[in-house]
Amino acid sequence: MGVYSGEDILRLIREEDVQFIRMQFTDLFGQLKNVAVTASQIQRALDGEIMLDGSSIQGSVRVEESDQFLKPDLDTFAILPWRPQYGKVARMICSVRNPDGSPFAGDPRNVLERALGAVRDLGLTLNVGAELEFFLFLTDEEGNPSTRTADQAGYFDLGPLDHGESTRREVTLALEKMGVAVEASHHEAAAGQHEIDLKYTDALSAADNIMTFKLAVKTLAQKNGLHATFMPKPLRDAAGNGMHINLSLFRDGRNAFHDESDPRGLSPLARHFIAGLLDHARGFCALANPLVNSYKRLTAGCEAPCCLAWSSANRSALIRIPVPRGQGTRVELRSPDPACNPYLTLAACLAAGLDGIRRELTPPPEIAGNLYDMPTEELAARRIRNLPASLEDALRAMEADGLVMETLGPYAARYIQDKRREWEEYRAQVTQWELDRYLVAW
Ligand code: GLU
Ligand code: MG
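Using the working numbering, read the sequence shown as starting at 1 and increasing by one per residue.
This is the structure we're talking about:
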């Protein structure tokens, strides 16, 4: 933090021939928004004087109180590598402010910053590494997306089967240029499905990086005539798109989840954190899995979780502890999907983990077997609960979770209201499946 001063930004804009600065923020539902200002307006932008009409943003303020301001985080200044390299375009990620300069409670980035205050007070830093999956689909003659792919590759396959190779390469190079470190990229299990893993960093930068990543993937896929989608389950019979998040707490530069003396190498802090995540996983599910479609991914099979359990190795569990220990010790939460708002999801996960620490919760015994194959009676005997089965179920669980509601603050109710409308709209649909099943039989 504190990499760039206002002077640095002015100099970079001059030296790099930047003509447009995109002032970016994310709305309550995870959509990236921006306004481009010309270089002549940079001083006003740095002074936080660029305005927006909040009433035109979904989930934001009412029309009577609509003026809001964008205060840029100078450290997020980056040139967009996919825009022309003369008269360049840069972006800065902003905090949405009220007219009196206070942080707007409905800005997800402000929500995460507030949540991070609690972990700082404990002398800890939350580090996050995200693994993002997506599909690259073909477009038709008019450029409209399809769900078809010419790619017949599978997990870890390489060219010439893998038609997404060039896009993955371009995304990785673009992100590195923007200061987003990438650890690995590969073809995923389904045809046309890919994954890129971002290197862990502090939670706020990680959420910013996820938003940057999604923009880069969409933009560069389009340049290659493909359509990139982060939709959680675009194809019924193929794996869905997950966004696993690797979480760890550091104290004075050392990983506080590691304990050499523990047979599993996990500290009591890590165990409390795991227990907190399990305790609130139903409550934050509507944030981590925000779409009607999200719940079609959270079903047995295809390595997506559906049960509230943790395990060292098993990918059917909600939480997995990957093998590395020492500085690499981490908790992998497997439920989130890439349609989620990363700021709200990370704020809620952090609050859940810290609640586990505060209450010194103990996690249940870890599960060794494959949860997909475990009979219902055994799940019940072990008191293993399920994740919500639908968006409606998740919204009810969120409402019932005081900690998650409090973490989101005054805009939690607004989130639920809009999402419930989405659910109701879906509920009223008559689907092809229903017609196929009932039209003739009944
Ligand atoms: N695609 C799977 C999911 O929906 C995850 C596969 C993996 O383990 O990487 O979560
Ligand atoms: Mg994967």
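Even glycine gets a Cβ: it sits at the ideal position worked out from N, Cα and C.
Is E183 near ligand 2, with its Cβ less than 6 Å from a heavy atom?
It does not: the Cβ of E183 is nowhere closer than 6 Å to a heavy atom of ligand 2.
Would you call the segment 332–342 and the segment 225–233 touching, i.e. three or more CB-CB distances under 8 Å?
Flag = yes, the segment 332–342 and the segment 225–233 touch.
Helix, strand or coil at T38 according to DSSP, with G and I counted as helix
In the structure shown, T38 sits in a strand (DSSP, three-state: E or B).
Could you check whether the Cβ of E332 sits closer than 6 Å to any heavy atom belonging to ligand 2?
Distances between the C-beta of E332 and the heavy atoms of ligand 2 are all 6 Å or more.
Closest by CA to G123, which one among L354, S312, I210?
Out of L354, S312, I210, L354 has the C-alpha closest to the C-alpha of G123.
Return helix, strand or coil for L318, following the three-state DSSP convention.
In the structure shown, L318 sits in a strand (DSSP, three-state: E or B).
R414 Cβ short of 6 Å to ligand 1 heavy atom set
R414: no, Cβ never under 6 Å from ligand 1.
Indicate the three-state DSSP secondary structure (helix, strand or coil) for C340 in the structure shown.
Coil, per DSSP.
Between A153 and ligand 1, is there a pair consisting of the residue's CB and a ligand heavy atom that are separated by less than 6 Å?
Not one heavy atom of ligand 1 sits closer than 6 Å to the Cβ of A153.
List in chain order: all unbroken alpha helix (DSSP H) runs of 4+ residues lying wholly within the segment 243–331.
Runs found: 268–280, 285–288, 294–297.
Among A153, A412, I210, which residue has its Cα nearest to the Cα of L28?
For L28, the nearest C-alpha among the options comes from A412.
With DSSP as the reference, label S95 as helix, strand or coil.
Of the three classes helix, strand and coil, the one that applies to S95 here is strand, per DSSP.
Taking DSSP as the reference, what is the three-state secondary structure of Q429?
Coil at Q429, not helix or strand.
Identify which residue in V3, R421, L379 has its Cα closest to the Cα of D75.
Of all alpha-carbon atoms in V3, R421, L379, the one lying nearest the alpha-carbon of D75 is that of V3.
Could you tell me if A181 is buried or exposed, where buried requires 16 or more neighbouring beta carbons within 10 angstroms of its beta carbon?
With fewer than 16 other Cβ atoms within 10 Å, it is exposed.
With a threshold of 7 Å between beta carbons, is E183 in contact with chain B?
Given the protein chain composition of this structure (a single chain), no chain B is represented.
DSSP-derived helix/strand/coil call for S166
DSSP, read as helix, strand or coil, puts S166 in helix.
Taking one C-beta from the segment 35–44 and one from the segment 19–27 each time, how about it: are there three or more such pairs within less than 8 Å?
Yes, since at least three Cβ pairs between the segment 35–44 and the segment 19–27 fall closer than 8 Å, the two stretches touch.
CB of L298 within 7 Å of CB of I319, strictly:
Contact annotation: L298 and I319 have beta-carbon atoms that are not nearer than 7 Å.
Whole-angstrom distance between F213 and K88, CA atom to CA atom:
Approximately 19 Å, taken between the alpha carbons.
Among I50, W82, D202, V61, nearest to P72 - alpha-carbon criterion
Nearest option by C-alpha distance: I50.
If you draw a straight line from the alpha carbon of Y86 to that of R109, how long is it in whole angstroms?
Distance between the alpha carbons of Y86 and R109: 31 Å.
Is E113 close to ligand 1? I mean its beta-carbon at under 6 Å from any heavy atom of the ligand.
In this structure, E113 has its beta carbon at no less than 6 Å from each heavy atom of ligand 1.
Name the one or two DSSP bridge partners that P103 has.
DSSP, once it has assigned bridges, lists R97 as partnering P103.
Only counting the same chain, and skipping five residues up and downstream in sequence, which positions put a Cβ closer than 7 Å to that of A300?
Contacts found: C306, Y372.
Out of R62, A288, P364, A368, which has the shortest C-alpha to C-alpha gap to S312?
Taking only the C-alpha atoms, the option nearest S312 is A368.
Enclosing alpha helix (DSSP H) for I210 [first to last residue]:
From DSSP, the alpha helix (DSSP H) with I210 extends over 203–223.
Separation of L198 from I79, as counted between CA atoms:
Going by the C-alpha atoms only, they are around 19 Å apart.
K223: buried (16+ other C-beta within 10 angstroms of its C-beta) or exposed?
Burial call: exposed.
Under 6 Å: does the beta carbon of A304 sit that close to some heavy atom of ligand 1?
True, at least one ligand heavy atom lies under 6 Å from that Cβ.
Which of helix, strand or coil does DSSP assign to E366?
Coil.
Limits of the unbroken alpha helix (DSSP H) element including T407:
For T407, the uninterrupted alpha helix (DSSP H) run begins and ends at 402–408, by DSSP.
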